[in-house]
Amino acid sequence: MEKLILAKEGVFPVTKDWNGRLLEETPKTGFQMPGTIQGEGKLAGVPSLFIRFSGCNLRCIWQMEDGTYSRCDTRYASFQPNETIELDVDEVVDWVRHNIGNIKHVVITGGEPLLQRRGLAELCQKLKEQLNVHITIESNGSIFNEEVATWVDLFSISPKLSNSVPNQEKLAVFGLKENTVFRKHNQTRHNLDALQSYINMANNSDKELQLKFVVGKKSDYKEILSDFISQLNDCKASDILLMPLGATKVEISRSSPMVLDMAIANGWRFSPRVHIELFGAKSGV
Ligand code: SF4
8 MEKLILAKEG
18 VFPVTKDWNG
28 RLLEETPKTG
38 FQMPGTIQGE
48 GKLAGVPSLF
58 IRFSGCNLRC
68 IWQMEDGTYS
78 RCDTRYASFQ
88 PNETIELDVD
98 EVVDWVRHNI
108 GNIKHVVITG
118 GEPLLQRRGL
128 AELCQKLKEQ
138 LNVHITIESN
148 GSIFNEEVAT
158 WVDLFSISPK
168 LSNSVPNQEK
178 LAVFGLKENT
188 VFRKHNQTRH
198 NLDALQSYIN
208 MANNSDKELQ
218 LKFVVGKKSD
228 YKEILSDFIS
238 QLNDCKASDI
248 LLMPLGATKV
258 EISRSSPMVL
268 DMAIANGWRF
278 SPRVHIELFG
288 AKSGV
């Protein structure tokens with residue numbers, strides 16, 4: 008059996024651990040029950056349990072239209088994956104089983120879950136076969152794996168634009184030192200073969216796809232067209248979503264009008280970030 012390395016929240020929000028023992032702490036949602044809602048994309052508002060994988064092959068730092076910067080909002084699963092939980096796949100399945108209640112949707116997120124593709128495939132298969140839940144995978148789209156994809160219902164892919172590249176100026180703002188992952192970010196982030204595989208698989212099955220672009224600058228629009236949409240075959244407009252950049256309500260409200268304008272003009276969807284509206288910029292919700 009494969010092992011999985013999860014970020015500090017593991018399965019969340021929950022009231023029981025993987026052994027079914029009641030936790031002393033109330034979930035960060037403030038509710039005395041497990042579960043939250045999906046905050047983004049086509050399934051925004053749908054009750055869900057989340058599983059957060061640790062580790063990412065990218066290091067996103069964006070610049071907003073007004074010149075300010077915004078970093079990945081789950082740095083504890085990407086930049087600094089210090090606090091992790093290592094469990095067998097069966098323990099993670101049990102953790103979901105003890106908390107799933109009437110919830111039908113499980114969202115696997117990160118970090119980048121596809122970095123642990125063997126364990127991820129086993130997890131998805133067991134979640135499907137034992138609990139029959141709807142599975143969403145949230146990925147940056149730099150990796151495709153057919154075995155994993157077989158068990159997934161919604162590919163929620165968020166390809167990263169050049170505005171996410173952590174250049175020297177951005178690193179200096181946050182006092183970060185360059186390392187191999189920072190250096191490789193630009194070449195890793197843009198994998199058209201992987202994106203085309205997701206599109207093909209969704210178009211030839213009953214699986215769903217959303218290409219969710221995080222937008223912070225007006226110039227992002229041209230790049231979405233030139234570097235992604237025009238390079239991909241059979242990408243449906245209804246599968247393209249634009250989401251305002253920002254890890255806080257204030258940042259999101261700054262970029263939302265520009266992103267709405269872009270979405271409406273192109274017949275693409277605007278994705279809200281409902282969980283930030285409801286719970287603020289905290290983890291575990
Ligand atoms: S790909 Fe996602 S998890 Fe990884 S650094 Fe970028 S925003 Fe964070």
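Counting from 1, position 143 in the sequence shown corresponds to residue 150 in the numbering used here; the numbering is continuous, with no gaps.
Using N, Cα and C, we set each Cβ at its ideal position, and we do this for glycine too.
Practice task
Please classify N89: is it buried, with 16 or more other beta-carbons within 10 angstroms of its beta-carbon, or exposed?
Solution key: Exposed, since its Cβ has fewer than 16 Cβ neighbours within 10 Å.
Problem - Inter-residue CB distance, I58 and V113 (contact presumed, cutoff 8 Å) - result: 7 Å between Cβ atoms; contact.
Problem - Boundaries (first-last residue) of the beta strand (DSSP E) holding M269 - result: Not the beta strand (DSSP E): M269 falls in the alpha helix (DSSP H), residues 256–273.
Exercise for the section: Tell me whether the beta-carbon of M71 lies closer than 9 Å to the beta-carbon of R261. Expected result: Closer than 9 Å, so yes.
Practice task
Examine ligand 1 and report whether any of its heavy atoms sits within less than 8 Å of the Cβ of L65.
Solution key: Annotation for L65 indicates a beta carbon within 8 Å of some heavy atom of ligand 1.
Practice task
With a threshold of 8 Å, establish whether the CB of S165 neighbours any heavy atom of ligand 1.
Solution key: Flag set: Cβ of S165 near ligand 1.
Problem - A128 to V155 span [Cα, whole Å] - result: Going by C-alpha positions, A128 is about 4 Å away from V155.
Handout entry: P57: first and last residue of the uninterrupted beta strand (DSSP E) it sits in
Key = Residue 57 is actually Phe in this sequence, not Pro. Element bounds for F57: 54–60.
Problem - Cβ pair D97, K133 closer than 9 Å - result: Cβ atoms of D97 and K133: closer than 9 Å.
Practice task
Can you give me the start and stop residues for the beta strand (DSSP E) that S204 sits inside?
Solution key: DSSP places S204 in no beta strand (DSSP E) but in the uninterrupted alpha helix (DSSP H) bounded by 199–210.
Practice task
With 9 Å as the threshold, decide whether the Cβ of G62 is near any Cβ in chain B.
Solution key: Of the chains in the structure shown, none is chain B; there is only one protein chain.
Practice task
Determine the direct distance from the alpha carbon of I283 to that of T43, and round the result to whole angstroms.
Solution key: Note on geometry: alpha-carbon atoms of T43 and I283 lie some 12 Å from one another.
Practice task
Could you spell out the range, first to last residue, of the alpha helix (DSSP H) harbouring A51?
Solution key: That residue, A51, is in no alpha helix (DSSP H); it is neither H nor E in DSSP.
Handout entry: Reduced DSSP category for F286 - H, G, I as helix; E, B as strand; rest coil
Key = In the structure shown, F286 sits in a helix (DSSP, three-state: H, G or I).
Problem - Where the alpha helix (DSSP H) through F220 begins and ends - result: Here F220 belongs to no alpha helix (DSSP H); instead the beta strand (DSSP E) covers 215–222.
Handout entry: Cβ-based burial, D213 [other Cβ within 10 Å; buried from 16]
Key = Answer is exposed; the Cβ neighbour count stays below 16.
Problem - Beta-carbon gap between G126 and K35 smaller than 9 Å - result: Result no, Cβ atoms of G126 and K35 do not sit closer than 9 Å.
Problem - N-terminal and C-terminal residue of the alpha helix (DSSP H) that T195 is part of - result: Per DSSP, T195 belongs to the alpha helix (DSSP H) from 187–195.
Handout entry: Distance cut-off 8 Å: N147 Cβ against heavy atoms of ligand 1
Key = The closest heavy atom of ligand 1 lies less than 8 Å from the beta carbon of N147.
Exercise for the section: Identify, in the order they occur along the chain, each residue of the same chain with its Cβ nearer than 8 Å to the Cβ of G74, setting aside the five sequence neighbours on each side. Expected result: Its chain contains no residue whose beta carbon lies nearer than 8 Å to that of G74 once the 5 sequence neighbours on both sides are disregarded.
Problem - Beta-carbon proximity of F151 to N198, cut-off 9 Å - result: Contact flag set, yes.
Exercise for the section: Go to E119, then tell me how far its alpha helix (DSSP H) extends in each direction, as first and last residue. Expected result: Segment: none, E119 is in no alpha helix (DSSP H) and carries neither H nor E.
Exercise for the section: Answer yes or no: do T81 and G118 have a C-beta to C-beta separation smaller than 9 Å? Expected result: The answer is yes: Cβ separation under 9 Å.
Practice task
Taking 8 Å as the threshold, find out whether the region 59–68 comes into contact with the region 167–181 through three or more Cβ pairs.
Solution key: The region 59–68 vs the region 167–181: in contact.
Practice task
Spatial neighbours of A201 within its chain, please: CB distance less than 8 Å, with the 5 preceding and 5 following residues excluded, ordered by chain position.
Solution key: Within the same chain, A201 has close Cβ partners G148, S149, I150, F151.
Handout entry: Buried/exposed call for P264, threshold 16 Cβ in 10 Å
Key = Exposed: under 16 other Cβ atoms inside 10 Å.
Practice task
With a threshold of 8 Å, establish whether the CB of D227 neighbours any heavy atom of ligand 1.
Solution key: At a threshold of 8 Å, D227 does not count as near ligand 1, since its beta carbon sits no closer than that to any of the ligand's heavy atoms.
Exercise for the section: Please confirm whether V140 and I164 have their CB atoms less than 9 Å apart. Expected result: Going by C-beta atoms, V140 is not nearer than 9 Å to I164.
Handout entry: S61 CB to nearest heavy atom of ligand 1 below 8 Å
Key = Not under cutoff, so the answer is no.
Exercise for the section: Give every residue of the same chain whose Cβ lies closer than 8 Å to the Cβ of A288, excluding the five residues on either side of it in the sequence, and list them in chain order. Expected result: Taken in chain order, the residues that qualify are D80, A254, T255, K256.
Exercise for the section: Would you check if the distance between the CB atom of D101 and the CB atom of G17 is smaller than 9 Å? Expected result: Going by C-beta atoms, D101 is not nearer than 9 Å to G17.
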